[in-house]
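Below you'll find the structure, written out as structure tokens, and then a few comments.
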Amino acid sequence: MSKEETNFETGADWWREKLSRREANKRLASVGALAAVLAASGVLQGCDEDEEEIIRDTTELQREQGWNVGATDKTLTLDSKTSADSTGSIGWATYLDPQNLLKAYEPTNSKWKPFVVPTLVQSLSQPTLRSQLAPVVTPAMKEAYAKGLGMREIVRQSKNPESVVIVADLVGVESVAFGAALADVADVVLGFDNWPHPLGVVPSQQTLGALIYYAEEVAQKSKKRTGNPPAVMLLDSNRLLPYNDATDGDTKFDNRCIAKLPTAENLASAGAKSVLYCAPDSTRTTELDDLNDDFATYKEKGVAVSMVNLSEFKPAQASVAPVTPDGKLPALQGDSLTRAMNGTTAAAPVNTTTTYYYGGSPSFAPWFFYHYPIFYPSPIFYPSYSPSYYSSRVSPVSRPSSYTPVRRPTMFSSRTTGGALGVGKARPSGFGRVSTRVSSSGTLTGVRSGRSGSFGRSGGFFSS
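Residues are numbered in the numbering used here as their position in the sequence shown, beginning at 1, plus a constant of 677.
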């Protein structure tokens, strides 16, 4: 086990917990009233006398028996494949090596390295998975990248970027794109804790394809980081996709996972005083459930947590009135869109060179600093910035809704297990697990995607 994995070790052996048929029936009955389903399907009655049912952590099972355990006859679906990466290179195959891919995304500052979650990238150790992967790129990724460039301008123009940790909680491919846009001014910290599977609930192969697509670009940008860059932690919001064992058990493999973030003490040791949680749009009004304990604890221990809706980052619009105190646009060196704001240039189509600005204009950056005071504007860019000036003006940008993390009951509540360099979470019953059948000799004889329906037999079944 790698050092990084050890840092996030949950310390729990529940994923190896062996259950008798009677115990399994009791455990499963507590999840979604599955007792009736099991009785109707005759699953437990169908077990051989010398076999027992064992509920396993899905990723651990995949590590041992192969990434496509139980579905070796099925092909992985990978949408939006492309032949070249974000730099235009066709040499991306080097990043099918998990060590090379992890190296490309490695934080420059050693203080963030313990919090990298390498799990998804480590799945590339499986040859039959590597052979089915390629770079992927989608319009949504390009838009997320453009918004990331807008956030990059905020980081670049702030006085204290090292004191803020940015958490991007978007669909996996979009989080990767967002992070890639920031990679020259921030350390990218991967937080993807599952493996792909042909029947997976979470399409993490898409996230892996996005990581390959941006790998060379991020590797090149990492050489430009200077000083004490902030961290941008990347999560896949698909990690909590709905799964119902009664309806999905025979057709889906529960590869859902839980986000892993540093503790408040870890953040303090790293010099981080605040967290900026990036949500896709205003439909998300709170952090996702598995982050509630983390964020509430941050607040209780003095770490400020703010939430920004990335839908507020928009293409630059023509003829936007300047709003800075001196009536001039802020000087953004090397940014052609700043000059375009003084003319009549229409917004450019989405591509990897377009920047989506807060409120749709580079001149609205001071409003970001006013709305999110966890960032302080640099006097180099804003020598006459004064919060009182903006408090007396009508904001041209939608005022962010009030947000503060408040503890609420979730299926993940109070499931932390502790750790020296982070916090692990014990997965709840029925989350990220799979049922297997084991003979009295300890041989794995069957596995099923869910915990209802028939077991697949194991003959010729597992490959890597």
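Heads up, the beta-carbon is just placed ideally off N, CA and C, and yes, glycines get one too. These numbers were taken from a predicted model, which means no experiment stands behind them.
Which partner residues of residue i appear in the DSSP bridge assignment?
{"i": "G868", "result": "V794"}
{"i": "T1113", "result": "I731, V1124"}
{"i": "L953", "result": "I843, S983"}
{"i": "D913", "result": "L847"}
{"i": "G877", "result": "F930"}
{"i": "P804", "result": "According to DSSP, which records beta bridges pairwise, P804 is partnered with nothing at all."}
{"i": "F990", "result": "Y1035"}
{"i": "A908", "result": "D864"}
{"i": "V813", "result": "K758"}
Throw me the rounded Cβ distance for the residue i and residue j pair, which I believe falls under 8 Å.
{"i": "A857", "j": "V813", "result": "The Cβ separation is near 13 Å, so there is no contact."}
{"i": "Y1062", "j": "F1052", "result": "In fact, because the Cβ distance is near 11 Å, the residues do not count as touching under 8 Å."}
{"i": "L626", "j": "K751", "result": "In this structure the chain extends from 678 to 1141, so residue 626 is not present and cannot be described."}
{"i": "P795", "j": "L810", "result": "Not quite, the Cβ-Cβ distance comes to about 16 Å (not below 8 Å), so this is no contact."}
{"i": "V842", "j": "A908", "result": "5 Å"}
{"i": "A1153", "j": "N986", "result": "The displayed coordinates of the chain run from 678 to 1141. Any statement about residue 1153 would go beyond what the structure contains."}
Looking only at its own chain, which residues have a Cβ that is under 6 Å from the Cβ of residue i, when we skip the five neighbours before and after it?
{"i": "A781", "result": "A892, V895, A896"}
{"i": "K901", "result": "D861"}
{"i": "L944", "result": "V980"}
{"i": "D967", "result": "I935, A936, F1089"}
{"i": "E681", "result": "Confidence at E681 is low in this model, with a pLDDT of 41, below 50, so the placement of that residue is unreliable and no value is reported for it."}
Taking only three categories from DSSP, how would you classify residue i?
{"i": "G1136", "result": "Residue confidence is low: G1136 scores 34 on pLDDT, short of 50, so the model does not pin down where it sits. Its coordinate-derived value is still stated next. Coil, per DSSP."}
{"i": "A892", "result": "helix"}
{"i": "P1056", "result": "coil"}
{"i": "G825", "result": "helix"}
{"i": "Y1067", "result": "helix"}
{"i": "F1108", "result": "coil"}
{"i": "F1146", "result": "The structure shown does not extend to residue 1146, since the chain is modelled only from 678 through 1141, so no value can be given for it."}
{"i": "D967", "result": "helix"}
{"i": "S959", "result": "coil"}
{"i": "Y1062", "result": "coil"}
{"i": "V832", "result": "helix"}
{"i": "Y1035", "result": "strand"}
{"i": "K898", "result": "helix"}
{"i": "A1042", "result": "helix"}
{"i": "S1075", "result": "coil"}
{"i": "G886", "result": "helix"}
Does the beta-carbon distance from residue i to residue j come in below 8 Å?
{"i": "S914", "j": "D958", "result": "no"}
{"i": "G825", "j": "F792", "result": "no"}
{"i": "V878", "j": "R829", "result": "no"}
{"i": "L917", "j": "L965", "result": "yes"}
{"i": "L755", "j": "G886", "result": "yes"}
{"i": "L859", "j": "V832", "result": "yes"}
{"i": "W1044", "j": "G1037", "result": "no"}
{"i": "D927", "j": "Y920", "result": "no"}
{"i": "V1111", "j": "T735", "result": "yes"}
{"i": "A949", "j": "K978", "result": "no"}
{"i": "N969", "j": "R1104", "result": "no"}
{"i": "R1070", "j": "H1048", "result": "no"}
{"i": "P873", "j": "W744", "result": "yes"}
Leaving out the 5 sequence neighbours to the left and right, which residues in its chain are closer than 7 Å to residue i when beta-carbon positions are compared?
{"i": "P775", "result": "V798, Q799, L801, S802"}
{"i": "M818", "result": "V850, E851, A854, A887"}
{"i": "L912", "result": "V844, A845, D846, S852, G868, A936"}
In its own chain, which residues sit with a C-beta less than 8 Å from the C-beta of residue i, not counting the 5 before and 5 after it?
{"i": "P1050", "result": "P1064"}
{"i": "L1081", "result": "Note that residue 1081 corresponds to Thr in the displayed sequence, not to Leu. Result list for T1081: K976, V982, in chain order."}
{"i": "E783", "result": "K790, V793, S899"}
{"i": "P1056", "result": "K836, Y1062"}
Give a yes or no on whether the minimum CB-CB distance between residue i and chain D is below 8 Å.
{"i": "K898", "result": "Reference to chain D is not applicable here, since this structure consists of a single protein chain."}
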